[in-house]
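There are 2 protein chains.
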Amino acid sequence: MKPSEQSVPLQNASTGEIADWIRAQIRANRMVPGQRLVEADLIRQTGSSRFKVREALQRLAAEGLVVIEEFRGASVREASMEEIHQLYRARAALEGMCTADFVRLATPQEKQRLYDLADEIEACIDEDLSEEFGTLNNRWHRQIMQVSGNTVLAALVTRLHTPVQRLQFANFYRGDRLSSAVEDHRAIVAAIKKGDAEAAEAAMRQHIENGLRYLTAVDKAVRND
Amino acid sequence: MKPSEQSVPLQNASTGEIADWIRAQIRANRMVPGQRLVEADLIRQTGSSRFKVREALQRLAAEGLVVIEEFRGASVREASMEEIHQLYRARAALEGMCTADFVRLATPQEKQRLYDLADEIEACIDEDLSEEFGTLNNRWHRQIMQVSGNTVLAALVTRLHTPVQRLQFANFYRGDRLSSAVEDHRAIVAAIKKGDAEAAEAAMRQHIENGLRYLTAVDKAVRND
DNA sequence: GCCGACAAAATTGTTGACAATCGGCATGTG
DNA sequence: CACATGCCGATTGTCAACAATTTTGTCGGC
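Here the protein sequences line up with chains A and B, keeping their order.
Going from the first sequence to this note's numbering is simple: count from 1 and add 5.
Going from the second sequence to this note's numbering is simple: count from 1 and add 5.
Written out as structure tokens, the structure reads:
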């Protein structure tokens, strides 16, 4: 039917793999909030069985990524701006804490790896590779959390961030925001190099709050369209 | 069979209600980590169908409260001490933030309600009502988060805290820990009354870190038994 | 053209039966 | 007695069919 169907090799996928696939679709803004997720379509697209698809939808419902209504099935949940606001503040608090841990616990090699990642991210900006930018940026944040020993929190933050990534994909990584983020990264790296955990934590919180500010501005602009 | 069965009126329960019931069992330490959750038993205990039970288990698996293994079914997941450590630190960061918000945003009536709750909690201590203490203590923490406007975070923290509550139920609320917690509460209340958001945040973080310290001590003692 | 009633199609909820797998138990062998 | 082997009950995974409900389409009447 649509040219996009069957483009993904998901034959005999497990429940978890199907859930991952749907999550990826939502992140990439190919399934938008409010859109109904019809079981039959998902079966075709994933090449799996109805049973597995329903299990995957239940899991996503528990994560809060979709809502399931009686006899109306699953649809992508719309995260309110209020909710996004709270999630960003949570991220600021948690990642700030992780960054301070990173300063105290990371080995020189791990720190160097982070600096290299930052350079790669900067390189993207000149060539306007916004998608690559997003991928590397996610890796940068995860690197800090994992190296700081907070693997559980890393997974949690990733989940919390999922409903927001769609907005980033659609509106976020543009022009001035990219360079602003790079500047934030530089400040964080500088604090880490100095070994100043408190300053690094503050810089990370600032970085994330800048992201929230940009996102609210974009949202307001979109609504006034 | 056992006298405890059929004690809960869950006829024709929805998927969510079944999940809630299982969560409650885990919190109350009536289903312990490693214990297998046999579908047939759950069907008997909840009076529901296999279909709904399986859906509920999928949701709980997504929350990380149970693990589902191929052909071995669901069992209560054991949270490692390392994981509990991270969850407590996350709580400290998040609830600390909420407490600062509370100082800035709560109305006088809402503040008074919190003081009253603190008094009720203190009253429990003399009469050794540890169960009542737990209930009121949860309400106290939730009150702060909800009034501070962070309703989404309140739900999140509650979920994060679920695997820990079992430990509290079993070992936690005893003797000196109760009075230590009450002292922490007093410090928080004092900071709120002064309107000092920063001090309130610090006191809340200290309170939660004290809880973690006590829990690790108990854990170490139990392991050396 | 718009609106309501009604039928048809599409979609989801539920059930029961059957297949696949695991764990324990008995049995036999050295 | 230790240990491998095969069987059987218990438990979970999977599927296909059917029931309940919503959504869509159609047809008169105005």
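Think of the CB as a built atom: it goes at the ideal place given N, C-alpha and C, for glycine as much as any other residue.
Assign residue i to one of three DSSP states: helix, strand, or coil.
{"i": "residue 18 of chain B", "result": "coil"}
{"i": "residue 195 of chain A", "result": "helix"}
{"i": "residue 139 of chain B", "result": "helix"}
{"i": "residue 37 of chain B", "result": "coil"}
{"i": "residue 42 of chain B", "result": "strand"}
{"i": "residue 54 of chain B", "result": "coil"}
{"i": "residue 84 of chain A", "result": "coil"}
{"i": "residue 154 of chain A", "result": "coil"}
{"i": "residue 7 of chain A", "result": "With a pLDDT of 39 at residue 7 of chain A, under the threshold of 50, the modelled position of this residue cannot be trusted; read the value that follows with caution. Residue 7 of chain A falls in the coil class under three-state DSSP."}
Could you check where the beta strand (DSSP E) with residue i kicks off and where it finishes?
{"i": "residue 74 of chain B", "result": "71 to 74"}
{"i": "residue 79 of chain B", "result": "78 to 81"}
From residue i to residue j, what does the alpha carbon distance come to, in whole angstroms?
{"i": "residue 136 of chain A", "j": "residue 174 of chain A", "result": "8 angstroms"}
{"i": "residue 121 of chain B", "j": "residue 62 of chain A", "result": "43 angstroms"}
{"i": "residue 1 of chain A", "j": "residue 154 of chain B", "result": "The question about residue 1 of chain A has no answer, for chain A in this structure spans 6 to 230."}
{"i": "residue 105 of chain B", "j": "residue 205 of chain B", "result": "6 angstroms"}
{"i": "residue 43 of chain A", "j": "residue 78 of chain A", "result": "7 angstroms"}
{"i": "residue 97 of chain A", "j": "residue 60 of chain B", "result": "34 angstroms"}
{"i": "residue 9 of chain A", "j": "residue 54 of chain A", "result": "Bear in mind that the predicted position of residue 9 of chain A carries a pLDDT of just 42, short of 50, making it unreliable; the figure below should be weighed with that in mind. Cα to Cα, residue 9 of chain A sits roughly 19 angstroms from residue 54 of chain A."}
{"i": "residue 225 of chain A", "j": "residue 93 of chain B", "result": "36 angstroms"}
{"i": "residue 47 of chain A", "j": "residue 58 of chain A", "result": "7 angstroms"}
{"i": "residue 38 of chain A", "j": "residue 169 of chain A", "result": "11 angstroms"}
{"i": "residue 111 of chain B", "j": "residue 118 of chain B", "result": "10 angstroms"}
{"i": "residue 185 of chain B", "j": "residue 88 of chain B", "result": "24 angstroms"}
{"i": "residue 17 of chain B", "j": "residue 52 of chain B", "result": "7 angstroms"}
{"i": "residue 164 of chain A", "j": "residue 32 of chain A", "result": "11 angstroms"}
{"i": "residue 45 of chain B", "j": "residue 157 of chain A", "result": "32 angstroms"}
{"i": "residue 144 of chain A", "j": "residue 127 of chain A", "result": "14 angstroms"}
{"i": "residue 211 of chain B", "j": "residue 203 of chain B", "result": "12 angstroms"}
{"i": "residue 115 of chain B", "j": "residue 30 of chain B", "result": "32 angstroms"}
{"i": "residue 85 of chain B", "j": "residue 21 of chain A", "result": "23 angstroms"}
{"i": "residue 198 of chain A", "j": "residue 50 of chain B", "result": "58 angstroms"}
{"i": "residue 132 of chain B", "j": "residue 141 of chain B", "result": "14 angstroms"}
{"i": "residue 139 of chain A", "j": "residue 125 of chain A", "result": "12 angstroms"}
{"i": "residue 75 of chain A", "j": "residue 214 of chain B", "result": "43 angstroms"}
{"i": "residue 91 of chain B", "j": "residue 227 of chain A", "result": "38 angstroms"}
{"i": "residue 193 of chain B", "j": "residue 102 of chain A", "result": "21 angstroms"}
{"i": "residue 181 of chain A", "j": "residue 230 of chain A", "result": "20 angstroms"}
{"i": "residue 4 of chain B", "j": "residue 113 of chain A", "result": "The structure shown has nothing for residue 4 of chain B, since chain B only spans 6 to 230."}
{"i": "residue 24 of chain A", "j": "residue 70 of chain A", "result": "10 angstroms"}
{"i": "residue 195 of chain B", "j": "residue 19 of chain A", "result": "54 angstroms"}
Closer than 8 angstroms: is that where the CB of residue i sits relative to any heavy atom of the ligand PLP?
{"i": "residue 136 of chain B", "result": "As presented, the structure is devoid of all ligands, the ligand PLP included, so that no description of it is given."}
Kindly indicate the opening and closing residues of the alpha helix (DSSP H) around residue i.
{"i": "residue 207 of chain A", "result": "202 to 228"}
{"i": "residue 174 of chain B", "result": "Taken as a continuous stretch (DSSP letters only), residue 174 of chain B belongs to no alpha helix (DSSP H), as it is neither H nor E."}
{"i": "residue 123 of chain B", "result": "113 to 132"}
Would you please state the rounded distance, in angstroms, between the beta carbons of residue i and residue j? I believe it to be under 8 angstroms.
{"i": "residue 68 of chain B", "j": "residue 67 of chain A", "result": "6 angstroms"}
{"i": "residue 172 of chain A", "j": "residue 220 of chain A", "result": "6 angstroms"}
{"i": "residue 35 of chain B", "j": "residue 167 of chain B", "result": "Not quite, the Cβ-Cβ distance comes to about 14 angstroms (not below 8 angstroms), so this is no contact."}
{"i": "residue 64 of chain B", "j": "residue 64 of chain A", "result": "7 angstroms"}
{"i": "residue 130 of chain A", "j": "residue 183 of chain A", "result": "5 angstroms"}
{"i": "residue 282 of chain A", "j": "residue 81 of chain A", "result": "Outside the shown range of chain A (6 to 230) lies residue 282 of chain A, about which nothing can therefore be said."}
{"i": "residue 200 of chain A", "j": "residue 108 of chain A", "result": "6 angstroms"}
{"i": "residue 189 of chain A", "j": "residue 159 of chain A", "result": "With a Cβ gap of about 19 angstroms, residue 189 of chain A and residue 159 of chain A do not count as contacting."}
{"i": "residue 134 of chain A", "j": "residue 95 of chain B", "result": "33 angstroms between Cβ atoms; not a contact."}
### Message
Residues of the stretch 64 to 82 of chain B in Cβ contact with chain A at a cutoff of 8 angstroms, in chain order, please.
### Response
64, 65, 66, 67, 68
### Query
If you measure beta-carbon to beta-carbon, which residues of the stretch 212 to 226 of chain B are closer than 7 angstroms to chain A?
none
### Query
Just by C-beta distance, which residues in the stretch 106 to 136 of chain B are closer than 7 angstroms to chain A?
none
### Task
Would you list, in chain order, the members of the stretch 166 to 193 of chain A that have their beta-carbon closer than 7 angstroms to a beta-carbon of chain B?
none
### Message
Please list, in chain order, the residues of the stretch 142 to 160 of chain A that have any C-beta partner in chain B closer than 7 angstroms.
### Response
Cβ contacts with chain B come from 155, 157, 158.
### Query
Quick one, which residues of the stretch 93 to 105 of chain B are near chain A if we go by CB-CB under 9 angstroms, in chain order?
Taking 9 angstroms as the Cβ-Cβ cut-off against chain A, the residues of the stretch 93 to 105 of chain B that qualify are 94, 95, 97, 98, 99, 101, 102.
### Query
When you check each C-beta in the stretch 14 to 34 of chain A against every C-beta of chain B, which residues fall closer than 7 angstroms?
none
### Message
So if I threshold CB-CB distances at 7 angstroms, which residues from the stretch 45 to 65 of chain B count as touching chain A?
### Response
60, 63, 64
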